[in-house]
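Written out below as structure tokens is the structure these notes cover.
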Amino acid sequence: MRRCCGDLAASRGGCEPASRNLTRTRLTFAALGRINRPAEHDREDAMTRQEARDHEPRDQDAALSRRTLVRGLALGAAATMAGPALAQTGPAAPPTTITTPPRDFGPNGAPTTYFWDPDIIAVDPSFDDLAQPNTAIKRLYTGVLWAEGPAWSAQGRYLLWSDIPNNRQMRWSEDDGRISVFRSPSNNSNGNSFDFQGRQLSCEHLTRRVTRYEHDGTATVLCDNYNGKKLNSPNDVVAHPDGSYWFTDPPYGGQLYEGEPDAAGGPSNSGGKLNPRIGQPAGFTPGKRELPTNCYRIDPSGRVDLVVTEEQVPDPNGLCFSPDFKKLYVVSTGKGPGDSGPGGKGEIFVFDVGADNKLSNQKRFSDCTIDGVKCGPDGVRCDVNGNVWASSNAGRAVGYSGVTVWSPEGKLLGRIRLPEVCGNICFGGPKRNRLFMAASQSLYAVFTATQGAGPG
67 MRRCCGDLAA
77 SRGGCEPASR
87 NLTRTRLTFA
97 ALGRINRPAE
107 HDREDAMTRQ
117 EARDHEPRDQ
127 DAALSRRTLV
137 RGLALGAAAT
147 MAGPALAQTG
157 PAAPPTTITT
167 PPRDFGPNGA
177 PTTYFWDPDI
187 IAVDPSFDDL
197 AQPNTAIKRL
207 YTGVLWAEGP
217 AWSAQGRYLL
227 WSDIPNNRQM
237 RWSEDDGRIS
247 VFRSPSNNSN
257 GNSFDFQGRQ
267 LSCEHLTRRV
277 TRYEHDGTAT
287 VLCDNYNGKK
297 LNSPNDVVAH
307 PDGSYWFTDP
317 PYGGQLYEGE
327 PDAAGGPSNS
337 GGKLNPRIGQ
347 PAGFTPGKRE
357 LPTNCYRIDP
367 SGRVDLVVTE
377 EQVPDPNGLC
387 FSPDFKKLYV
397 VSTGKGPGDS
407 GPGGKGEIFV
417 FDVGADNKLS
427 NQKRFSDCTI
437 DGVKCGPDGV
447 RCDVNGNVWA
457 SSNAGRAVGY
467 SGVTVWSPEG
477 KLLGRIRLPE
487 VCGNICFGGP
497 KRNRLFMAAS
507 QSLYAVFTAT
517 QGAGPG
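Using my numbering, you'd call the opening residue of the sequence shown number 67 and step up by one each time.
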């Protein structure tokens, strides 16, 4: 973990990682006291050894052979030559996302050497209470095409996430670290979560719907339209204690790679040159974008309510509640397929949630710009203290993709650097103190000193 006057300076080596130095001092001070004893003790030991030699029999001096003398002189010369070089060589800095060559996050990669992990950066001192000092970021798996929607099953003790282009969901088992295909096909699912009864919720691009998987394995379609018009491509979904489900509906699944383009004449296929039926089963009927990009609430009765409009948050993406469910955070991301307007600006908005589930008092929580770099958010989750953890897509700005962490007031507290663009995150593990990060082609994880809020 690094703390400095500016993250950009730290990432370029412009200032010393003060937090790491403090940590190293705390860990090694006692050891140094044992190794580097006071000079007067060394002098006393030397005098004692000299007195012992003065009382040794004279005939021992005669036992010193010419070969022993030559070997001793050679070793002494070598030590004299090596001494200055060793004195000038300091401890090697640990590899990070910004070193050349970059750090290997895999199981065979070199250890980070130092704690804190060099890719966990404290911007504010309070981040020390959230980050775990003696742990390292680990890559649990790589090999998907576009990782999204991580969700932790507390009942099954596994993490699942979406590999959208490969039309499947993957599973990481906590007990043995085994990776397996969880569901295939997945209808190009994106965001996933679990409700308070431990049932999986999934946003499906291909079928343009939100689905709940029951404990017996059957699927319940929660929503596939609003006022009779097909949804765009549901992106992320979260559960509320009152039994309702809240989800976003941007257009990102309206493309060949992550779902299906519109039927001919639709916004993402206005020229009609793309054929969305190719590769689909017989009888498949392609949809067409009919709605703005909104956020909705699915009432326990089945009624679907519009809660956030496109005008309020264009191209809504990730969303989450505060621990007390009195605030709703919604991410606005960039222009999507078929958008006629400019799209979102890569910002996080926050709303107050009333007793009647009505939203009010909209504010821009953060523009997610750090050191002049746009760290575009996607997925968001709150910890039990109300801090907001957001995935970061900084494009080609090396060292800024990963995760950003913000106080409830919108102050940047810290960052986690990853070598890949991060699409979504969740807290999990048996104690819910491990942050899982779905990033481009890989799944990463790191232990924290806090816990995630909510059921999953």
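The beta-carbon is built from N, C-alpha and C at its ideal position, and this holds for glycine as well.
Check your understanding: Expressed to the nearest angstrom, what Euclidean distance is found between the alpha-carbon atoms of alanine 505 and aspartate 302?
Key -> Whole-angstrom Cα-Cα distance: 16 angstroms.
Exercise for review: Can you grab the Cα-Cα spacing for the pair valine 471 / asparagine 453, in whole Å?
Suggested key: A direct Cα-Cα distance of roughly 7 angstroms separates valine 471 from asparagine 453.
Exercise for review: Would you grab the beta carbon distance between cysteine 386 and valine 446 for me? Rounded to a whole angstrom, and I think it's under 8 angstroms.
Suggested key: 5 angstroms between Cβ atoms; contact.
Point to revise | Beta-carbon proximity list for valine 370, same chain, < 6 angstroms, skipping 5 on both sides | key: These residues qualify, in order along the chain: Cys289, Tyr292, Tyr362 and Ile364.
Check your understanding: Can you list, in chain order, the stretches of the beta strand (DSSP E) that have 3 or more residues and sit fully within the region 420-474?
Key -> Listed in chain order, the complete beta strand (DSSP E) runs (minimum 3 residues) inside the region 420-474 are 425-432, 446-448, 454-458 and 468-472.
Check your understanding: Is phenylalanine 181 helix, strand or coil when you go by DSSP?
Key -> Collapsing the DSSP output to three states places phenylalanine 181 in coil.
Check your understanding: Hey, how far is the Cα of proline 358 from the Cα of alanine 202?
Key -> For proline 358 and alanine 202, the distance between alpha carbons rounds to 42 angstroms.
**Study point:** Same chain, Cβ closer than 7 angstroms to lysine 392, neighbours up to 5 away in sequence not counted
**Key:** Result list for lysine 392: Asp418 and Val419, in chain order.
**Study point:** Nearest to proline 403 (by Cα), restricted to the options Lys424, Asp381 and Asn451
**Key:** The option with the nearest alpha carbon to proline 403 is Asp381.
Point to revise | Assigned exposure category for arginine 462 - 16 Cβ within 10 Å defines buried | key: Classification of arginine 462: exposed, given that the 10 Å Cβ count is below 16.
**Study point:** Cβ-based neighbour list, glycine 325, same chain, cut-off 6 angstroms, excluding 5 preceding and 5 following
**Key:** Excluding sequence neighbours, glycine 325 sits near Asn254, His271, Leu272, Ser299 and Gly319.
**Study point:** Range covered by the beta strand (DSSP E) that runs through asparagine 200
**Key:** It is not in any beta strand (DSSP E) - asparagine 200 carries neither H nor E in the DSSP assignment.
Practice item. Kindly indicate the opening and closing residues of the beta strand (DSSP E) around arginine 500. Key: Note, arginine 500: beta strand (DSSP E), 500-505.
Check your understanding: Cβ of leucine 484 within 8 angstroms of Cβ of phenylalanine 493?
Key -> If you check the CB distance, leucine 484 and phenylalanine 493 do not come in under 8 angstroms.
Practice item. Please report how far the alpha carbon of threonine 399 lies from the alpha carbon of asparagine 427, in whole angstroms. Key: Rounded to whole angstroms, threonine 399 to asparagine 427 spans 21 angstroms at the Cα level.
Point to revise | Reduced DSSP secondary structure (H/G/I, E/B, other) of serine 388 | key: Serine 388 falls in the coil class under three-state DSSP.
Check your understanding: Can you tell me the Cα-Cα spacing of phenylalanine 262 and glycine 337, whole angstroms?
Key -> Looking at the two C-alpha atoms, the distance is approximately 45 angstroms.
Exercise for review: Take glutamate 531 and list the residues in its own chain whose beta-carbon comes closer than 7 angstroms to its own, dropping the five residues that flank it on each side.
Suggested key: Missing from the structure shown is residue 531; the chain here goes from 67 to 522 and no further.
**Study point:** beta strand (DSSP E) segment containing tryptophan 212, residue limits
**Key:** No beta strand (DSSP E) contains tryptophan 212, which DSSP labels as neither H nor E.
Exercise for review: Name, in chain order, the residues that DSSP records as bridge partners for proline 316.
Suggested key: BP columns for proline 316 are empty, so no partner.
Review point. Going straight from the alpha carbon of glutamine 316 to that of proline 443, what length do you get?
Key: What sits at residue 316 in the sequence shown is proline, not glutamine. Rounded to the nearest angstrom, the two C-alpha atoms are 14 angstroms apart.
Check your understanding: Which word fits serine 457, buried or exposed, when buried means at least 16 other C-beta atoms lie within 10 angstroms of its C-beta?
Key -> Buried, since its Cβ has 16 or more Cβ neighbours within 10 Å.
Exercise for review: Using the DSSP secondary-structure output, state which residues sit across from glutamine 235 in a beta bridge.
Suggested key: Beta-bridge pairing links glutamine 235 to Ser228 and Arg249.
Review point. In three-state terms, what does DSSP make of asparagine 360?
Key: Asparagine 360 sits in a strand when the DSSP states are folded into three classes.
Check your understanding: When burial is assigned at 16 or more other CB atoms within 10 Å of the CB, is leucine 372 buried or exposed?
Key -> When all chains shown are included, leucine 372 counts as exposed.
Exercise for review: Give me whichever residues DSSP pairs with aspartate 371 in a beta bridge.
Suggested key: Aspartate 371 pairs with Arg363.
Point to revise | Inside the region 260-335 only - beta strand (DSSP E) runs reaching at least 3 residues | key: Counting whole runs of 3 or more residues, the region 260-335 contains the beta strand (DSSP E) stretches 266-270, 275-279, 285-289, 303-305 and 311-315.
Review point. How about asparagine 490 and glycine 222: do their beta carbons lie closer than 8 angstroms?
Key: Cβ atoms of asparagine 490 and glycine 222: not closer than 8 angstroms.
Review point. Between proline 366 and leucine 322, what straight-line distance do the alpha-carbon atoms span, to the nearest angstrom?
Key: Taking C-alpha positions only, proline 366 is separated from leucine 322 by approximately 33 angstroms.
Point to revise | Range covered by the beta strand (DSSP E) that runs through asparagine 490 | key: That run of the beta strand (DSSP E) goes 488-494.
**Study point:** Contact check, glycine 314 vs asparagine 383, beta carbons under 8 angstroms
**Key:** The sequence given here places threonine at residue 314; glycine does not occur at that position. Their beta carbons are under 8 angstroms apart, which means threonine 314 touches asparagine 383 by this criterion.
Point to revise | Same chain only: Cβ atoms within 7 angstroms of proline 521, ignoring 5 sequence neighbours per side | key: Once the five neighbours on either side are set aside, the close Cβ partners of proline 521 are Phe260, Asp261, Phe262 and Ala305.
**Study point:** Alpha-carbon spacing of valine 450 relative to alanine 519, whole angstroms
**Key:** A direct Cα-Cα distance of roughly 5 angstroms separates valine 450 from alanine 519.
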